[in-house]
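Following: one structure in structure tokens, then a few remarks.
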Amino acid sequence: MKSINLLLYKKKSNFVLLKYEKPIFYISVSLLSLFIIVSVFSIVAGIIFMNEINIKKTTERELRNSIQSSHVEEGLYLALFNKTSEVSKILSTNPKLEEKLNEIYKLTGVGGIKVSSLNVDRDLHTHITMVSDSAQSLDNFISAFEQEQNHLSNIRVSGISRDKTGLYTFSLDFSFKKS
Amino acid sequence: MIKQVYIHFHWISLSKKADMNTKLLLRMIDPYKKLIFSLISVVVVLYLTVNFLMPKLNDIFEIQKQNKSESELVKTLGDKLSILKGINKEDTKLQLEKISLILPDEKNIPYLFTTLDFLAEKTGINFESIDFKSGSILKAEAPISRKVPVRGRAETYRMIEITANFKGTEEQTNDFLTNMYALKSRVFLPKRVNIKIKEDNIRSVNVLFETYYSPLINTLGDVGSALPKFSPSLNNILSQAVQEEIYEGEQGVAVSTAPKSNLFTY
Numbered sequence: 001m002k003s004i005n006l007l008l009y010k011k012k013s014n015f016v017l018l019k020y021e022k023p024i025f026y027i028s029v030s031l032l033s034l035f036i037i038v039s040v041f042s043i044v045a046g047i048i049f050m051n052e053i054n055i056k057k058t059t060e061r062e063l064r065n066s067i068q069s070s071h072v073e074e075g076l077y078l079a080l081f082n083k084t085s086e087v088s089k090i091l092s093t094n095p096k097l098e099e100k101l102n103e104i105y106k107l108t109g110v111g112g113i114k115v116s117s118l119n120v121d122r123d124l125h126t127h128i129t130m131v132s133d134s135a136q137s138l139d140n141f142i143s144a145f146e147q148e149q150n151h152l153s154n155i156r157v158s159g160i161s162r163d164k165t166g167l168y169t170f171s172l173d174f175s176f177k178k179s
Numbered sequence: 001m002i003k004q005v006y007i008h009f010h011w012i013s014l015s016k017k018a019d020m021n022t023k024l025l026l027r028m029i030d031p032y033k034k035l036i037f038s039l040i041s042v043v044v045v046l047y048l049t050v051n052f053l054m055p056k057l058n059d060i061f062e063i064q065k066q067n068k069s070e071s072e073l074v075k076t077l078g079d080k081l082s083i084l085k086g087i088n089k090e091d092t093k094l095q096l097e098k099i100s101l102i103l104p105d106e107k108n109i110p111y112l113f114t115t116l117d118f119l120a121e122k123t124g125i126n127f128e129s130i131d132f133k134s135g136s137i138l139k140a141e142a143p144i145s146r147k148v149p150v151r152g153r154a155e156t157y158r159m160i161e162i163t164a165n166f167k168g169t170e171e172q173t174n175d176f177l178t179n180m181y182a183l184k185s186r187v188f189l190p191k192r193v194n195i196k197i198k199e200d201n202i203r204s205v206n207v208l209f210e211t212y213y214s215p216l217i218n219t220l221g222d223v224g225s226a227l228p229k230f231s232p233s234l235n236n237i238l239s240q241a242v243q244e245e246i247y248e249g250e251q252g253v254a255v256s257t258a259p260k261s262n263l264f265t266y
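Quick mapping for you: the protein sequence lines, in order, are chains A and B. Quick note on the UniProt record's numbering: the first sequence kicks off at 1 and runs consecutively. Quick note on the UniProt record's numbering: the second sequence kicks off at 1 and runs consecutively.
Below is the structure:
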């Protein structure tokens, strides 16, 4: 028997976990305490949250009833909002062509040149037909127009002709750069 | 008898042996009792955490989430109710009537013609012709615009394409085109303008434009949904529409729909 005890004590001293017996014990006690605290906390939190939800559900029901009784006001408000936002969308998605026409008038208001027709569309593509009795005026106009590269694009002379009376007709295509 | 005595003694010896073994075992584990307690408690805590505490904590998080969404819903409903309480029914009706002159609920062809005549009279231009794009005045064929992004209440506006030819001076033409956008009458937007300038500086204008109408909403949607709020730009449009004197058109005369004997008379 003594020999067995001796053997056990000998083994005890060799058993590696025994060296950390105290820390392991403290850790396990801490874990146990933590478990108890968290369990208690979760139960209390659950009760508090459930209570809050019940109060809010009651408030929600009361609010819903009040809103339902104001359905006429809601209908009027939504109709007004929808109409106004649609008007806003319609106006904002379309460029003001009359402003572009004024710009074209300014650009083409050069001596010796007369605009005979102009087309402008919503994509701001423009086609102008102009007449002039002098080739020099025409050349001056084209040179002046080339300076407008900042806010115009795709400037292209699409045709120049002269009739028997010596009147020059030329057409110009360009686009306004969208701001 | 001898056999029974033998069994009895054998039993005693066995019990003694077992007792000794227990004692031996107790003595063996005595130095490890703290360690064994620790390990058992860790295992038990882990088991309870995984099987009971974690699901419970998940439930708590779910309840908390539900609580949060309930708070948001109550806030939304509260905001909605405060907006609704602040609405003056008569004022809103008046605003709606005004904005409906700019964007009518229906295509309202008589109003469309009288508005164009009003604009022509106001700016001094002379219409030579007004043509509707084929099919565009039929409700089913009128092109539909993109959807208005109001949750649960998507309504669309529809457009009617019209081509008009008119004559006028430069000033009159510009006035006419400017007045189309000015929110002083039903809104018309030019899509394409062709101007021919004649010898006497009179312009012959061909304009393709669109006018719009938008049916009123017919459902309110969910009570819990939030009300959209007027942005500053929407408020600007609304206040402009309310302050401006918008052309209202003439009251149409009711025409009898009773059958008549001669098709070629009014």
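Don't be surprised by glycine CBs; every beta carbon is placed ideally from N, CA and C.
Discussion item. Taking CB distances under 8 Å as the criterion, tell me whether Asp-133 of chain A reaches chain D.
Written reply: Of the protein chains in this structure, namely A and B, none is chain D.
Discussion item. Helix, strand or coil for Arg-122 of chain A? Go by DSSP, reduced to three states.
Written reply: Reduced to three states, the DSSP call for Arg-122 of chain A is coil.
Discussion item. So within the region 86–152 of chain A, which uninterrupted beta strand (DSSP E) runs reach at least 3 residues, ignoring any that extend past its ends?
Written reply: If we require 3 residues or more, the beta strand (DSSP E) runs fully inside the region 86–152 of chain A come out as 114–121, 125–132.
Discussion item. Check whether the region 47–57 of chain A and the region 57–67 of chain B touch, using three or more Cβ-Cβ pairs below 8 Å as the test.
Written reply: Yes, the region 47–57 of chain A is in contact with the region 57–67 of chain B.
Worksheet item: Where does Lys-107 of chain B sit, in a helix, a strand or coil, going by DSSP?
Response: When DSSP states are grouped into helix, strand and coil, Lys-107 of chain B belongs to the coil group.
Discussion item. Counting only Cβ pairs nearer than 9 Å, list the residues of chain A close to Val-42 of chain B.
Written reply: Simply Ile-24, Ile-27, Ser-28, Leu-31, Leu-32.
Worksheet entry | C-alpha gap between Lys-198 of chain B and Val-115 of chain A, whole angstroms | CA-to-CA, the gap between Lys-198 of chain B and Val-115 of chain A works out to about 10 Å.
Worksheet entry | C-beta contact flag for Thr-49 of chain B and Phe-35 of chain A at 8 Å | Yes, they are a contact pair.
Discussion item. Could you check whether the Cβ of Thr-84 of chain A sits closer than 8 Å to any Cβ belonging to chain B?
Written reply: Thr-84 of chain A counts as touching chain B.
Item to complete: Anything in chain B within Cβ reach of Ile-37 of chain A, meaning under 9 Å, just list it in chain order.
Response: Residues of chain B with a Cβ closer than 9 Å to the Cβ of Ile-37 of chain A do not exist; the shortest Cβ-Cβ separation is about 11 Å.
Item to complete: List the DSSP bridge partners of Ser-171 of chain A.
Response: Here Ser-171 of chain A is bridged, per DSSP, to A:Thr-129, A:Gly-159.
Worksheet item: In whole angstroms, what separates the C-alpha of Tyr-77 of chain A from that of Leu-116 of chain B?
Response: Each residue's Cα considered, the two are about 30 Å apart.
Worksheet item: What residue from B:Leu-177, B:Met-28, B:Pro-215, B:Glu-106 has the CA that sits closest to Gly-124 of chain B's CA?
Response: For the residues B:Leu-177, B:Met-28, B:Pro-215, B:Glu-106, the minimum Cα distance to Gly-124 of chain B belongs to B:Leu-177.
Worksheet item: In chain A, which residues lie with their C-beta within 8 Å of the C-beta of Asn-194 of chain B?
Response: Ordered by position in chain A, the residues that pass the 8 Å Cβ test against Asn-194 of chain B are Ser-117, Leu-118, Asn-119.
Discussion item. Checking the sheet assignment: what are the DSSP bridge partners for Val-207 of chain B?
Written reply: According to DSSP, which records beta bridges pairwise, Val-207 of chain B is partnered with B:Ala-164, B:Val-193.
Worksheet entry | Bridge partners - Phe-41 of chain A, DSSP secondary structure assignment | The secondary-structure analysis by DSSP pairs Phe-41 of chain A with nothing; it has no beta-bridge partner.
Item to complete: Pull up the distance between the alpha-carbon of Leu-14 of chain B and that of Val-42 of chain B, whole angstroms please.
Response: The alpha-carbon separation between Leu-14 of chain B and Val-42 of chain B amounts to approximately 37 Å.
Worksheet item: For the beta strand (DSSP E) that Asn-126 of chain B lies in, which residues bound it at each end?
Response: Asn-126 of chain B -> beta strand (DSSP E) spans 126–132.
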